[in-house]
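Only one structure is covered here, and it is reproduced in the block below.
In the working numbering, the protein residues as written are 1 to 146.
This is the structure:
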């Protein structure tokens with residue numbers, strides 16, 4: 001077992017379970033229409049590239065711009081598209097980027113990958129709920145106010 005304190009394990013497990021639950025809730029009954037698949041594929045590839053190639057904002061501090069793509073997916077296709085894009089692309093990127101943990105400690109690998117993917121899923125679901133709560137909707141827009 002990795003050297004996380006017991007409280008940290010409860011926190012990590014809680015985030016992973018919450019992220020998985022929210023993803024299941026949002027993706028339940030998802031219809032794979034051609035338009036959805038095309039948009040999902042394009043945004044998924046863009047999100048994956050953003051995850052793999054981080055940007056340097058401040059000297060020595062690198063970060064991913066992938067969450068911007070995830071939030072953009074929410075604006076384009078609603079929370080279902082945002083969750084689908086973030087789930088697949090972030091999971092693939094995290095499995096690749098954290099592969100050195102797999103050899104050293106498989107449980108830590110699962111915890112780190114699961115936590116990182118879940119926290120982004122939670123953020124995207126919250127963004128989608130806020131957008132819907134404020135009356136926002138996905139295209140097609142009918143008026144300038146939309």
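Even glycine gets a Cβ: it sits at the ideal position worked out from N, Cα and C.
Query                                                                                                : Result
Cβ neighbour criterion (16 or more within 10 Å) applied to residue 1                                 : For residue 1, the predicted model reports a pLDDT of 49, less than 50, meaning its position is unreliable; a value from the coordinates is still stated below. Classification for residue 1: exposed.
Residue 108 in three-state terms, based on DSSP                                                      : helix
Residue 36, enclosing alpha helix (DSSP H) - first and last residue                                  : 34-52
Per-residue burial, residue 74 [other beta carbons within 10 Å of its own, 16 or more giving buried] : buried
Segments assigned alpha helix (DSSP H), at least 4 residues, entirely inside the segment 48-97       : 66-97
Environment of residue 135 [buried if 16+ CB atoms lie within 10 Å]                                  : exposed
Residue burial classification, residue 37 (beta-carbon count within 10 angstroms, cutoff 16)         : exposed
Residue 10, enclosing alpha helix (DSSP H) - first and last residue                                  : 6-27
Under 8 Å between C-beta atoms of residue 118 and residue 15                                         : yes
C-beta atoms of residue 63 and residue 71 nearer than 8 Å                                            : no
Alpha-carbon spacing of residue 92 relative to residue 43, whole angstroms                           : 14 Å
Residue 46 versus residue 17: straight-line alpha-carbon distance, rounded                           : 26 Å
Burial state of residue 94, where buried means 16 or more other Cβ atoms lie within 10 Å             : buried
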